[in-house]
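Structure record follows, encoded as structure tokens.
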Amino acid sequence: MPELPEVETVVSLLKTLVVHEVIESVEIYWNNIIGEPNVTTFRNNIEQQVITDVTRRGKYIIFALSNGHLVSHLRMEGKYYVYDEKVEKDKHTHVIFNFKSGKEMHYHDTRKFGKMYLYPKNEPLAILSKLGYEPWDQDLSADALLDLAKRRSISIKAFLLDQSVIAGIGNIYVNEILFTTKIHPAQPVNTLSKKQFDAIIKATASILSAAIESGGTTIRSYTSSLGVTGLFQQQLNVHNRQNEACNVCGSDIEKIVVAQRGTYLCPICQSIQ
DNA sequence: CGTGACACCTGGCAGC
DNA sequence: TGCTGCCAGGTGTCAC
Ligand SMILES: [Zn+2]
Numbered sequence: 156m157p158e159l160p161e162v163e164t165v166v167s168l169l170k171t172l173v174v175h176e177v178i179e180s181v182e183i184y185w186n187n188i189i190g191e192p193n194v195t196t197f198r199n200n201i202e203q204q205v206i207t208d209v210t211r212r213g214k215y216i217i218f219a220l221s222n223g224h225l226v227s228h229l230r231m232e233g234k235y236y237v238y239d240e241k242v243e244k245d246k247h248t249h250v251i252f253n254f255k256s257g258k259e260m261h262y263h264d265t266r267k268f269g270k271m272y273l274y275p276k277n278e279p280l281a282i283l284s285k286l287g288y289e290p291w292d293q294d295l296s297a298d299a300l301l302d303l304a305k306r307r308s309i310s311i312k313a314f315l316l317d318q319s320v321i322a323g324i325g326n327i328y329v330n331e332i333l334f335t336t337k338i339h340p341a342q343p344v345n346t347l348s349k350k351q352f353d354a355i356i357k358a359t360a361s362i363l364s365a366a367i368e369s370g371g372t373t374i375r376s377y378t379s380s381l382g383v384t385g386l387f388q389q390q391l392n393v394h395n396r397q398n399e400a401c402n403v404c405g406s407d408i409e410k411i412v413v414a415q416r417g418t419y420l421c422p423i424c425q426s427i428q
């Protein structure tokens, strides 16, 4: 389910639900969800720790613990649910955190793509080390992007999906950002102007902020994490709108493939240069 | 190093 | 109703 706005929505909710909870035990039903360390060490080391905060970096959820950090990536379908009392797991529940209070936090993931990483106190969160700018970072500038782009031959879409450039943009929002800035997704990134990068930075911040305000985007899945249904899908201009009318010029929205991903665009508003 | 193809998984849905 | 193939909000790896 998640790109940055959906993760941000989940993080705010988790913060109200699990901060101060003590992890008494952890049940793991699909070992590959645990990225680091091995499953036994993960389980042994996390037990008895207190959750002290929940934050976000890019698309990662960071649980600050009394003696380290749990970093969790939901990938395509990961969801968290928190219950006040014991609830039976279902077919796609892969990790259960049992809290001392009797509450439970379930990690649910239909496709099993999600990953969790546990780091001891004072150790760097290695999985986050290669992430690029947060979209609202003051150091994110057109000059910085221009510099990163000049050695690259990929499309602007692939560039914006590269988490080492800007962290948090995924397939829905990159389609929307490129529509707003009137740039063709397949345009080679080393042909963009400083002005275009400025527009991309502004559009990224405003689209992601608006999406967070709406609780994110919900498509395909009936509810997302914690039963939240985001509403930003009502404001999408191109994503998932093949053959519908462009909100600017009325042309049919097209679907093509760029960077191996489904890509929606208005062929009139977004011409390749 | 940068790039594209592919692997990792399951379920929903369009088209026979 | 079945079956088949394609598609899905992501990223790690591997061979040029
Ligand atoms: Zn248009």
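When we follow our numbering, the leftmost residue of the first sequence carries the number 156, and every step to the right adds one. Just so you know, even glycine gets a beta-carbon here, dropped at the ideal spot from N, CA and C.
Item	Value
Isoleucine 374 burial status per 10 Å Cβ neighbour count (16 or more: buried)	exposed
Distance, proline 160 Cα to isoleucine 183 Cα	27 Å
Any non-hydrogen atom of ligand 1 within 8 Å of isoleucine 332 CB	no
C-alpha gap between cysteine 401 and isoleucine 367, whole angstroms	24 Å
Three or more C-beta pairs below 8 Å linking the region 199 to 217 and the region 301 to 317	no
Beta-carbon proximity list for glutamine 342, same chain, < 7 Å, skipping 5 on both sides	Ser310, Ile311, Ile427 and Gln428
Nearest candidate by alpha-carbon position, reference valine 165, set Lys255, Pro290, Thr335 and Tyr215	Tyr215
Cβ-based burial, valine 403 [other Cβ within 10 Å; buried from 16]	exposed
Cβ-Cβ distance between aspartate 298 and lysine 349 below 9 Å	yes
Outcome for glycine 405 when other beta-carbon atoms lying within 10 angstroms are tallied against a minimum of 16	exposed
Heavy atom of ligand 1 within 8 Å of glycine 325 beta-carbon	no
With 16 other Cβ atoms within 10 Å as the buried cut-off, status of glutamine 425	buried
Glutamine 351 burial status per 10 Å Cβ neighbour count (16 or more: buried)	buried
Beta-bridge pairing of glutamate 409 - partner residues as DSSP gives them	Leu420
Rounded C-alpha distance that separates glutamate 243 from methionine 260	12 Å
Cβ-based neighbour list, glutamate 158, same chain, cut-off 7 Å, excluding 5 preceding and 5 following	Lys214, Gly323, Ile324, Gly325, Ile327 and Tyr328
Isoleucine 332 vs alanine 358 beta-carbon contact at 9 Å	yes
Beta carbon of glutamine 251 nearer than 9 Å to that of glycine 190	Reading off the sequence, residue 251 comes out as isoleucine, not glutamine. No; because the gap between Cβ atoms is not below 9 Å, this pair is not in contact.
For proline 160, three-class secondary structure by DSSP	helix
Presumed contact (8 Å Cβ cut-off) between phenylalanine 197 and valine 209, rounded CB distance	Not confirmed; about 18 Å, so no contact.
Short Cβ contact (9 Å threshold) for serine 308 with valine 344	yes
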